[in-house]
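To keep things clear, I will list the structure first and then write my remarks on it.
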């Protein structure tokens, strides 16, 4: 470090030497105390995608508005509808969605473990709570879940939940089988229902999910616990980041687990016949127009250095002009920056041919 | 920064620019302590606060940044310096360099609450550097704490490289003559000297 400082300053002094060594020493715990806040600041402020920058300034403080692709609502509605038609316990949950799941746990499932609402609003934990007329589906839900169940199948659902031995001591865990996953592929949420450490068999567990940027929790699937209390619920074709929780009606609520998706991204080099400028064409799926891709070049030491960035066009594509003269024989790649709706993704590396 | 650090931080920088938490934290852990020390040398009243504002601006503008770890360091410390000047203007006064007169400072338990290296705490070292004239203190801080090359220091300070070399030379001489710094020479400490006896021509 500071190779020429010695010549400039000519410090021959061991005291100065000590002083400088201390000034450049690794951080002390006190100096690094703000790490948690810094990370939160980073997540809240890193690189708003170009498409979101045109918001009115006034909306900045209250958080950005993230628009989700239409296909999300459609996809989840289809899942909810399929579940409802199946007549399983999930249908009942579909009927009360999109309430926040905590609220759901109290007012509808009668879950007794979440100190979120006044005790008076908590229904019994028997699981046989009969639906009153005002428990009908939220009007907004009818739009996204056309196959909302009639009250008859709700009763069926309550019956299923009553198979569990009350709320006492039941613990439901949840983990994501893997994250991030490739966008467009299915996610699997594993859970285990236990009582005093022993698995509880034959209980219907519902998976509810909330897509990035949305307030509503929706049913994403359901499954039955096996003899050792395990359950695995799969979510088909997840194309945006989501948070999931497993629920046993009136009985148990798992912590939330996040599953992030990494959009597929490919980089193809279109080598110029004239040799003036090659074109690196980047294609993505499930990213959005305005999401930013970063062109990187590999340094001699193997690390990847920033070259340029660019927003994706409406077709999810972007292109970079590359100079074979400058980048010849070096590897380049493209990184899709993380947004609220998806994780970052890295393309294949492409070697730029030298000119001529 | 040492060459190996530079390669590691180049990579962390590239990852941070993709929105990667871990890459950003790596950068922050490496540079936040230096930034705080630099701000303290400048007499910043609330270095933690100014450092937070500095990082906020860095994060917001990271997508416009291009370059390696050394460019990033130059950028970070330039922003930090501007924030100190802004904060001082807001208080309608120039940045004040705190006058530390007592050698007891180095032994002061309150100041030596963090780790003590080579017989001197980081805060004690910062205080010793802050005893220089403001021009010299700032030049030495950018050169040593921020690890910037002299021409970069000159650009940030809006001075000629020659003027910066003079300030560095005088600052180092003042430090070497400071009895408190001299006293450090007699304290036990590990490792070989980074600064060897060479000509003082600049």
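Residue numbers (the numbering used here), protein chains in the order written: chain U, 977 to 1332; chain X, 3 to 204. Just so it is clear, CB atoms sit at the ideal spot from N, CA and C, and this is done for glycine as well.
A straight-line Cα-Cα distance of about 14 Å links residue 1210 of chain U and residue 1234 of chain U. By the C-beta density criterion, residue 1227 of chain U is buried, having at least 16 other C-beta atoms within 10 angstroms.
When the five nearest sequence neighbours on each side are left out, the beta carbons in the same chain lying within less than 6 Å of the beta carbon of residue 1319 of chain U are those of 1156, 1236, 1238, in order along the chain.
By DSSP's assignment, residue 1206 of chain U forms a beta bridge with U/1168. Your pair residue 1302 of chain U and residue 1325 of chain U does not check out as a contact, with CB atoms roughly 17 Å apart and the cut at 8 Å.
A straight line joining the alpha-carbon of residue 1286 of chain U with that of residue 1256 of chain U spans about 12 Å. Against chain U, a Cβ distance below 7 Å from residue 147 of chain X picks out 999, 1000. With fewer than 16 other Cβ atoms from the protein chains shown falling within 10 Å of its own Cβ, residue 1172 of chain U counts as exposed.
Contact residues of the region 16-35 of chain X toward chain U are 16, 19, 20, 21, 22, 23, 26, 27, 30, 31, 34, 35 (C-beta to C-beta distance below 7 Å). With respect to chain X, the C-beta atom of residue 1279 of chain U has a partner C-beta closer than 8 Å. Shown here, residue 1286 of chain U sits in a strand according to DSSP, grouped into three states.
With a threshold of 8 Å between beta carbons, residue 70 of chain X makes contact with chain U.
The region 1240-1248 of chain U makes no contact with the region 1198-1209 of chain U; the number of CB pairs closer than 8 Å stays below 3.
In the three-state DSSP reduction, residue 1022 of chain U falls in the coil class, being neither helix nor strand. Look at residue 176 of chain X: its C-beta is not under 8 Å from any C-beta on chain U. Residues of chain X whose Cβ lies closer than 7 Å to the Cβ of residue 1246 of chain U do not exist, since the nearest Cβ in that chain is about 24 Å away. Assigned with DSSP and collapsed to three states, residue 1218 of chain U falls in strand. Where residue 1198 of chain U is concerned, the enclosing beta strand (DSSP E) starts and stops at 1194-1200. In the three-state reduction of the DSSP assignment, residue 91 of chain X falls in the helix class. Within chain U, the residues placing a beta-carbon under 8 Å from that of residue 128 of chain X are 999, ordered along the chain. Proximity of residue 155 of chain X to chain U, defined by a Cβ-Cβ separation below 8 Å, is not satisfied. In this structure, residue 1267 of chain U lies away from residue 1298 of chain U, with their beta-carbon atoms at least 8 Å apart.
Proximity of residue 1314 of chain U to chain X, defined by a Cβ-Cβ separation below 8 Å, is satisfied. Distance from residue 1329 of chain U to residue 1292 of chain U at the Cβ level is roughly 26 Å; contact not present, criterion being Cβ atoms closer than 8 Å. The C-beta of residue 135 of chain X has fewer than 16 other C-beta atoms within 10 Å across all chains shown, which makes the residue exposed.
According to DSSP, residue pairing for residue 1186 of chain U in a beta bridge involves U/1219. Distance from the CA atom of residue 1274 of chain U to the CA atom of residue 22 of chain X, rounded to whole angstroms, is 18 Å. Think of a sphere of 7 Å around the beta carbon of residue 50 of chain X: the chain U residues whose beta carbon falls inside it are 1010, in chain order.
When Cβ-Cβ separations below 8 Å define contact, residue 183 of chain X makes contact with chain U. When only Cα atoms are considered, residue 1012 of chain U and residue 30 of chain X end up about 11 Å apart. Residue 41 of chain X and residue 53 of chain X have their C-alpha atoms spaced approximately 8 Å apart. By the Cβ neighbour-count rule, residue 49 of chain X is buried, with 16 or more other Cβ atoms within 10 Å of its own.
For the C-beta of residue 1171 of chain U, not a single chain X residue is nearer than 9 Å; the gap to the nearest is close to 37 Å.
Within the same chain, and ignoring the five residues on either side of residue 155 of chain X in sequence, the residues whose Cβ sits closer than 7 Å to its Cβ are 141, 144, 145, 166. Residue 1293 of chain U is bridged by DSSP to U/1259.
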